[in-house]
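In our numbering, the protein residues as written are 1064 to 1175.
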């Protein structure tokens, strides 16, 4: 596993000024996972449900160096998206923190 040359990428609150293309960023990291930063902050960036699946793909990649991920204050996680994220963490050895502030529905039991 190579260490990323990018230590931190903070894109927080970019979604407030218009539509952010987080999916394009994630697809770029998937094309070259060695460039994934150690810390990625994308809270308030209009992350959509389909983006959560891209995060999971990235976290599954053996060359992903992501240690801290903040995806809070974005679209609520569905049961399917949450399950995919949890499953990808079973084999991930780098991620130490994941922040999901305000991404769970008001009634978490609704996921069941």
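Built from N, CA and C at the ideal position, the CB exists for glycine as well.
Neighbourhood of residue i by C-beta, 6 Å cutoff - its chain only, sequence neighbours within 5 removed
i            : result
residue 1073 : 1104
residue 1108 : 1074, 1077, 1078, 1083 and 1085
Contact set for residue i: own chain, Cβ-Cβ below 7 Å, skip 5 residues either direction
i            : result
residue 1043 : Beyond the ends of the chain as shown, which are 1064 and 1175, falls residue 1043; an answer cannot be given.
residue 1089 : 1114, 1117, 1118 and 1121
For residue i, the nearest candidate out of the options (CA to CA)
i            : options                   : result
residue 1117 : 1070, 1108, 1102 and 1092 : 1092
residue 1032 : 1162, 1150 and 1128       : With the chain covering only 1064 through 1175, there is no way to say anything about residue 1032.
residue 1161 : 1125, 1119, 1142 and 1124 : 1119
residue 1094 : 1130, 1163, 1124 and 1143 : 1124
residue 1164 : 1132, 1088 and 1157       : 1132
residue 1183 : 1154, 1077, 1086 and 1075 : This structure leaves residue 1183 out entirely; the chain is present only between 1064 and 1175.
residue 1168 : 1145, 1158 and 1149       : 1145
residue 1157 : 1068, 1130 and 1069       : 1130
Supposed close pair residue i, residue j - CB separation, criterion 8 Å
i            : j            : result
residue 1071 : residue 1111 : The Cβ separation is near 23 Å, so there is no contact.
Cβ neighbour criterion (16 or more within 10 Å) applied to residue i
i            : result
residue 1099 : buried
residue 1106 : buried
residue 1152 : exposed
residue 1142 : exposed
residue 1114 : buried
Helix, strand or coil at residue i [DSSP, three-state]
i            : result
residue 1104 : strand
residue 1070 : coil
residue 1160 : strand
residue 1132 : strand
residue 1077 : helix
residue 1165 : coil
residue 1096 : helix
residue 1127 : coil
residue 1110 : coil
Contact set for residue i: own chain, Cβ-Cβ below 8 Å, skip 5 residues either direction
i            : result
residue 1159 : 1130 and 1131
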